[in-house]
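Chains as they are written, first to last, in the working numbering: chain G, -2 to 467; chain F, -2 to 467.
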């Protein structure tokens, strides 16, 4: 085919994959979505991405970007399109210690950003289970979240500048390194979270923060979410906002963890209703340096807060991490979430956000309504509770598309009634198109369609994602 | 005229101003820009804004929003358009203490938000000299900055949700209260900073933060900017990022202040090259509660850092605020900037952003180049140094449009060469259209034009602002 020939001429045959060579890219890592790309191309730099997009435009063929392929929503699937893998664009162009930023290409894996920051005494605060595979381009395209959003914000909040290849192949250079720049519309944020439907992100300038000198980490047992939230408030007050993570694992999660990953152990002999992983961190030498008794002041502070709450009966047990090894073990139990959840089928996985004080009400209501819909349905939840962000997965008793969509509708319904969002941090992709059609403000959908038509008039950039058919 | 009649029918005659009644709105507060609106209307609520925009659309007349009229860039000027004043839309719809947010209409003055937050033990961290007049709508439309951006970010970073009346009069409801919501494109940030050219912001959900329990404030004298920046770094490290303001007043500023506002006094007998106003704040009881000697720990910390720097010769003098009254006096000297600068003519005022370590180089280079261009030209600078944001005002020797534009070009040139932006926090309006045409990436300008055409196909929303003619 003429387009393939043109792509080979532009990139070299080694970087234009077809047939069986595309297997790794043509399906998502869970095996939930499968596509049939025309070809998978692996450009070496921004100019080659631009060339590919121009060739695809000349042939009227869709273009779909893919980076680490760790997405959960089918955002990179294509049938008949050219899949642009950013994996070879893996250069860290610069790490600037004084300016606290890193300039990196879309194919850089997050752990490499973590390492590059650490080498300069800094920290790149995007942190989630898939960090060893997820790449910067995909993280930006989905406005990914993770465990540290409470302190540092989502990907959007960490991005200073962006480079994007537009639908016509032109390169939009927004690679500013400034913290203030009001020169016209905020185009950067338009492309972040657009999942490749408005252009392909090829590079970015990302903020770094001072590396924590000490962490205070604990796993805590409580009877209820309102009780547990007192801990968040007290630690935030006592530290002036230094809580980095506040993760919630309900009884169902702990029970599943015990079965699926017995090697990870459980922190408490009896599984509590509510297990919380809390972590605070400080960059202040005085808060991080052990005192004469060997106690790190920040850890002592957490210990005091926990002791007070135990005494008041607000929590029922707590374990402090006394070493980096213990801290890692606590995180391993939380980060097993994808592994122990996503293997189970049939499943309806959701990614909702709620006001913090509505999370308990959400769970109570949604479980009652789902039990009425499908008696025997099971569920598993894990949550970035500090953000009000729940990954609630329902396991219906039958693998029927209609039943699964009704389950999704019930979740959406309850979320909408509580002022929440059906989409928090995983993106929309294919999996939430029905939710977008049902729940998104129709005026907002119209504006999105107008923006899409303006920037991609031929509808060739990752078509069929994010915006439901009109 | 038919449109006036229709507006009167919709809003009542009392809220459709024409002729001399428009005087207050038809010019900016500096008297630098003058317009000739067809009428000034004062809608009571969002539905009335929508009605006005629909009527203007039916008559093919432009619509220009205005709120506090404290802008510096001519962003609200119109000749022949309907000016929509948001001043009657001054309701604070809700203050939610636990969720730390306020829901307010576009006509709410910032000091009312400060007061409403304070009543709940919270703080609304947008803070600048015009806070007693500036209204939320204008602040959002220009993505305003101010003195606390270093700690809390610009307006954009503080906005959770937005309500916008679109060019066709429909209401776009993006009034979410969540910290995570990835349901499609980020439309909110598209309207923030768009200066009314894509729609009229009528209400917003804004973040609040815990109210500081104590401040540590000092005025510091130094010989050079690199020396002064050591203070910022040391205090950020010692406090873990609790510096809220780091303001720079060079010798020229202090000299002008002495002449124009002798009542405010000067902190040092001899005017130093560099005067810095630094302020840190804490919400932590332990850092805010006076010790046995009556010393607030945070203040003691600043004192220690300053003493070390004095000893090392990095600063030459320092005065700590020992009372709220002393703190206010220090801020009064900084906040007189607009008053003591903007009265002087002929003037070219700029609002540039630079990497922090390039600010000194900028000043040296730009002053040399301007002296070559216009011998005898004077200047005055004041800066949010912690953000790299300088308000550099040049006073050319002749009031000639061409000379003033050449002065602006020189500033742009030097800024561009140092990786900065010609527009930091005041907006573009009319005053920076030439700069946009000369300096903004042409691809970015094309994308802006495409977005503008998509959302305002008839070009009636604040026409002629932000985007230069193509």
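Don't be surprised by glycine CBs; every beta carbon is placed ideally from N, CA and C.
Just so you know, these numbers come straight off a predicted model, no measurement behind them.
Per DSSP, reduced to three states, the secondary structure at residue 223 (chain F) is helical. The segment 416 to 465 of chain F contains, as complete alpha helix (DSSP H) runs of 4+ residues, the segments 430 to 436 and 439 to 452 (chain order). Less than 8 Å separates the beta-carbon of residue 119 (chain F) from that of residue 206 (chain F). Note on geometry: alpha-carbon atoms of residue 339 (chain G) and residue 27 (chain G) lie some 7 Å from one another. By the 16-neighbour rule on beta-carbons within 10 angstroms, residue 109 (chain G) is buried.
Within chain G, the residues whose beta carbon sits less than 9 Å from that of residue 234 (chain F) are 207, 280, 281 and 282, listed in sequence order. For the options F:202, F:133 and F:180, the alpha carbon positioned closest to that of residue 192 (chain F) is the one of F:133.
Any Cβ of chain F closer than 8 Å to the Cβ of residue 354 (chain G) would place that residue at the interface, and such an atom is present.
Distance from the CA of residue 90 (chain G) to the CA of residue 101 (chain G), rounded to the nearest whole angstrom, comes to 5 Å. With fewer than 16 other CB atoms across the displayed protein chains lying within 10 angstroms of its CB, residue 291 (chain G) is exposed. Nearest C-alpha to residue 390 (chain F) among F:195, F:227 and F:342: F:342.
Rounded to the nearest whole angstrom, the C-alpha separation of residue 443 (chain F) and residue 453 (chain F) is 15 Å. Residue 195 (chain G) and residue 121 (chain F) have their C-alpha atoms roughly 35 Å apart.
Between residue 428 (chain F) and residue 350 (chain F), the CB-CB gap reaches or exceeds 8 Å. Under the 8 Å Cβ criterion, the segment 174 to 185 of chain F does not count as touching the segment 164 to 179 of chain G, having fewer than three qualifying pairs. At least one CB atom of chain G sits nearer than 8 Å to the CB of residue 177 (chain F). Taking the beta carbon of residue 445 (chain G) as reference, the chain F residues within 8 Å of it are 181, 182 and 184, listed in sequence order.
In terms of CA proximity to residue 63 (chain G), G:21 leads the group G:21, G:44, G:8 and G:96.
Counting C-beta pairs with one atom in each stretch, the segment 213 to 221 of chain G and the segment 271 to 278 of chain G have three or more that are closer than 8 Å, which means they touch. In terms of Cα proximity to residue 147 (chain G), the closest of G:365, G:464 and G:422 is G:422.
Counting along the chain, residue 376 (chain F) sits inside the beta strand (DSSP E) bounded by residues 375 to 381.
DSSP places residue 135 (chain G) within a helical segment (H, G or I) once states are collapsed to three.
Taking a cut-off of 8 Å for Cβ pairs, the segment 435 to 450 of chain F and the segment 402 to 419 of chain F touch, as three or more such pairs fall below it. Nearest CB-CB separation between residue 139 (chain G) and chain F: below the 8 Å threshold. Between the alpha carbons of residue 83 (chain G) and residue 8 (chain G) lies a gap of roughly 13 Å. Looking at the DSSP output, residue 265 (chain G) sits in no beta bridge, so it has no partner there. By the criterion of a C-beta distance shorter than 8 Å, residue 240 (chain G) is surrounded in its chain by 147, 148, 229, 232, 233, 275, 276, 277 and 383, once the five residues flanking it on both sides are discounted. Residue state for residue 405 (chain F) is assigned as helix, using DSSP reduced to three classes.
Across the set F:25, F:303 and F:324, the C-alpha of F:25 shows the shortest separation from the C-alpha of residue 130 (chain F). Rounded to whole angstroms, residue 335 (chain G) and residue 445 (chain G) show a C-alpha spacing of 31 Å. Using a Cβ-Cβ cut-off of 8 Å, residue 350 (chain F) is close to 175, 176, 177 and 178 of chain G, given in chain order. Against residue 425 (chain F), the close residues of chain G are 179, 180 and 181, in the order they occur along the chain (beta-carbon pairs closer than 8 Å).
CA-to-CA, the gap between residue 117 (chain F) and residue 210 (chain F) works out to about 13 Å.
In terms of Cα proximity to residue 77 (chain G), the closest of G:40, G:39, G:254 and G:0 is G:0. For a Cβ distance threshold of 7 Å, nothing in chain G lies close to residue 311 (chain F): the least Cβ distance comes to about 17 Å. Put simply, of G:2, G:393 and G:80 the residue whose alpha carbon is nearest the alpha carbon of residue 364 (chain G) is G:393.
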